[in-house]
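Below: one structure, written as structure tokens.
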Amino acid sequence: MRIVTNTGDDRVVDALRPRLGTGASISVASPRFSLVTFGALRKQLTNLAACRLILPADGEDLQLFGSEHDRAARNRLQLRWLARSFTQWLAENADLRFAPKALPQGMVVVNGSAGTSNCALVGNCSLSSEGLGLSPSESFGITQFTDEESGVT
Numbered sequence: 015m016r017i018v019t020n021t022g023d024d025r026v027v028d029a030l031r032p033r034l035g036t037g038a039s040i041s042v043a044s045p046r047f048s049l050v051t052f053g054a055l056r057k058q059l060t061n062l063a064a065c066r067l068i069l070p071a072d073g074e075d076l077q078l079f080g081s082e083h084d085r086a087a088r089n090r091l092q093l094r095w096l097a098r099s100f101t102q103w104l105a106e107n108a109d110l111r112f113a114p115k116a117l118p119q120g121m122v123v124v125n126g127s128a129g130t131s132n133c134a135l136v137g138n139c140s141l142s143s144e145g146l147g148l149s150p151s152e153s154f155g156i157t158q159f160t161d162e163e164s165g166v167t
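First residue of the sequence shown? That's 15 in the working numbering, and the numbers climb one at a time after it.
Here it is in structure tokens:
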């Protein structure tokens, strides 16, 4: 077990990408979800064997178009294409559920494919650019990372 600082090369996205190979599966509960984040992980997500996704109930602000730190990504004018890609991916590959209330923190569990280890992340690891460490976060948050290689189960 270790704490992910979400800066430099110790980011949530850096812990996830190598484990999201062909045949892996992922289960995510996230208080936020942005299309910018989907775009950053799109190649890895399309190769998954299964994905379970839990998002907050209707009425919660998912920050679907990102936060103020995602302006550069929005200026690429790809949100419409990302929305279409996400809708198609969701219909073909994911099991989407909604939590009855707001989710206080994120949780990601990856069951790795052959040759990669399983891992879990809990804390400030929402499916947003801040949660993955792609952009700076204005709030203090801690993310705990555990994998099979660390010997803690």
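Ideal Cβ placement from N, Cα and C applies to all residues, glycine included.
If you compare the alpha carbons of 101, 40 and 83 with that of residue 153, the shortest gap goes to 83.
Between residue 60 and the set 146, 108, 151 and 159, the nearest pair of CA atoms involves 108.
Of 36, 39, 115 and 58, the smallest CA-CA separation from residue 28 is found for 58.
Scanning the stretch 60-148 for uninterrupted alpha helix (DSSP H) segments of 4 residues or longer gives 85-88, 93-107 and 143-146, listed from N- to C-terminal end.
Residue 69 sits away from residue 52, with the two beta carbons spaced by 7 Å or more.
Around the beta carbon of residue 120, a 10 Å sphere encloses 16 or more other beta carbons of the protein chains shown; the residue is thus reported as buried. Straight through space, the alpha carbons of residue 26 and residue 50 are spaced by roughly 15 Å. Short of 6 Å from the beta carbon of residue 74, and not among the five residues preceding or following it, lie these beta carbons of its own chain, in chain order: 116. In this structure, 55 is the residue among 22, 37 and 55 with its C-alpha nearest to the C-alpha of residue 31. In the DSSP annotation of this structure, the continuous segment of the alpha helix (DSSP H) that includes residue 29 starts and ends at 26-30. When DSSP states are grouped into helix, strand and coil, residue 56 belongs to the helix group.
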